[in-house]
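Visitor:
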Amino acid sequence: LMRVLRLVSGLAELRRLVQMMSGCFKTLFWSSLLLFLIMTIWSVMAVELINPYIQEMDKKGAWVDCPRCRRAFASTFMANLTLFQTV
Numbered sequence: 005l006m007r008v009l010r011l012v013s014g015l016a017e018l019r020r021l022v023q024m025m026s027g028c029f030k031t032l033f034w035s036s037l038l039l040f041l042i043m044t045i046w047s048v049m050a051v052e053l054i055n056p057y058i059q060e061m062d063k064k065g066a067w068v069d070c071p072r073c074r075r076a077f078a079s080t081f082m083a084n085l086t087l088f089q090t091v
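To get the working numbering, take the position in the sequence shown, counting from 1, and add 4.
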């Protein structure tokens with residue numbers, strides 16, 4: 005009988021722990037979504053503002069040995085990837 009009572013009280017603590025973890029996962033999800041949105045906004049700005057300079061420098065031969073450098077800000081996806089790797 006005592007073992008059953010201990011098991012039931014242990015399950016209440018486990019249930020509380022799972023509830024607290026689910027609350028943390030919700031916060032983590034929304035934080036990640038906000039981070040992704042902010043980085044995407046900066047990526048769009050980088051494509052519009054930085055990419056023309058990079059293409060101009062590429063025509064002058066600035067990145068002969070770096071194939072990724074000329075396309076780092078060529079699209080929003082690549083800019084997002086570049087910013088993510090930088091952070």
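All C-beta atoms in this analysis are idealised placements derived from N, C-alpha and C, irrespective of residue type, glycine included.
Are A78 and A50 closer than 8 angstroms when you measure CB to CB?
Guide: Locating residue 78 in the sequence shown gives position 74, where the first residue counts as 1. Locating residue 50 in the sequence shown gives position 46, where the first residue counts as 1. No, the pair does not count as a contact, with Cβ atoms beyond the cut-off.
Visitor: Report yes if the C-beta distance between T80 and V48 is below 8 angstroms; otherwise report no.
Guide: Along the sequence shown, one-based indexing puts residue 80 at 76. Along the sequence shown, one-based indexing puts residue 48 at 44. Yes, Cβ-Cβ distance for T80 and V48 is below 8 angstroms.
Visitor: For P71 and L39, what's the separation of their Cα atoms in angstroms?
Guide: Reading the sequence shown from its first residue, position 67 is the one you call residue 71. Reading the sequence shown from its first residue, position 35 is the one you call residue 39. Going by the C-alpha atoms only, they are around 28 angstroms apart.
Visitor: Exposed or buried, A66, counting other C-beta atoms within 10 Å across all chains shown (16 or more means buried)?
Guide: For the purposes of this step, residue 66 is taken as residue 62 along the sequence shown, with counting starting at 1. With fewer than 16 Cβ atoms within 10 Å of its Cβ, A66 is classed as exposed.
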